[in-house]
Amino acid sequence: MTTATTSQPAFSPDQVSVVFVLGGPGAGKGTQCEKLVKDYSFVHLSAGDLLRAEQNRKGSQYGELISNHIKEGLIVPQEITLALLRNAISENLKVNKYKFLIDGFPRKMDQAVSFERDIVESKFVLFFDCPEDVMLQRLLERGKTSGRSDDNIESIKKRFKTFEGTSMPVIDYFETKSKVVRIRCDKSVEDVYKEVQDAIRDRL
Ligand code: C5P
Ligand code: MG
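So the sequence shown is residues 1 to 204, counted in UniProt numbering.
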């Protein structure tokens with residue numbers, strides 16, 4: 001007998017609420033997420049942070065692969081990132097936390113499709129639209145103290161290239177579904193945050 005496989009997401013958007021937070025490297029995603037966590041009951045999951053933690057986890061079979069991808073500004077194979085996110089979501093559900101800001105994900109079309117097919121459909125996408133020269137200055141400044149292997153000019157150029165070629169199509173895809181809330185972010189952290197609050201007020 002053959003069985004048709006109808007794959008269902010693990011959760012419905014009524015049970016689990018996910019907002020994707022996207023934008024180029026240095027656009028201020030993490031900074032704005034921290035502010036949102038303080039004012040609303042979100043859990044902040046940064047895909048980059050989860051990957052860096054896995055990279056540094058003793059005994060991880062993916063440490064070296066992740067480290068190489070990050071340095072080269074390349075997107076880590078989706079299976080790894082999806083598993084980390086799925087895990088983090090499950091852990092939070094155990095303690096009754098259901099609202100997530102997922103920062104820096106999906107960065108590639110396959111991640112967008114897989115996540116929404118297998119885990120849960122997103123509510124909307126917060127997109128921090130930032131000129132490259134502003135992002136470059138911020139990343140170089142951050143690089144003085146971040147200790148990150150990719151906050152240097154060689155890696156930054158590669159990350160910009162990946163953003164344009166691989167991640168922007170994800171924004172375009174969600175635009176076709178009218179799910180993108182676009183925030184201009186070449187201004188102060190506080191002014192950007194005001195715009196974020198105005199933009200999401202009606203959507204939460
Ligand atoms: O978001 P963040 O700047 O911390 O991401 C750092 C790096 O982690 C990216 O440049 C990329 O190499 C990797 N990453 C990824 N897939 C994601 C998010 C981050 O491969 N969804
Ligand atoms: Mg970040």
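Every residue, glycine too, gets a C-beta built ideally from N, C-alpha and C. If you're wondering where the values come from, they're calculated on a predicted model, not measured in any experiment.
Query, Result
"Can Ser46 and Gln55 be called in contact, C-beta distance under 9 Å?", "no"
"May I have the straight-line CA-CA distance separating Asp150 from Thr31, to the nearest angstrom?", "18 Å"
"Would a C-beta distance cut-off of 9 Å place Ile171 and Phe127 closer than the cut-off?", "yes"
"Pull up the distance between the alpha-carbon of Phe11 and that of Glu190, whole angstroms please.", "34 Å"
"What residue does the beta strand (DSSP E) around Arg184 start on, and which one ends it?", "Val180 to Arg184"
"Using the beta-carbon count (16 or more within 10 Å), is Thr145 buried or exposed?", "exposed"
"DSSP on Gly28, reduced to helix/strand/coil?", "coil"
"Looking at the secondary structure, which residues open and close the beta strand (DSSP E) in which Lys99 lies?", "Lys99 to Asp103"
"Residues in the same chain with beta-carbon distance under 6 Å from residue 220, minus the five sequence neighbours each way, listed in chain order, please.", "In the structure as shown, the chain starts at 1 and stops at 204, and residue 220 therefore has no counterpart that could be examined."
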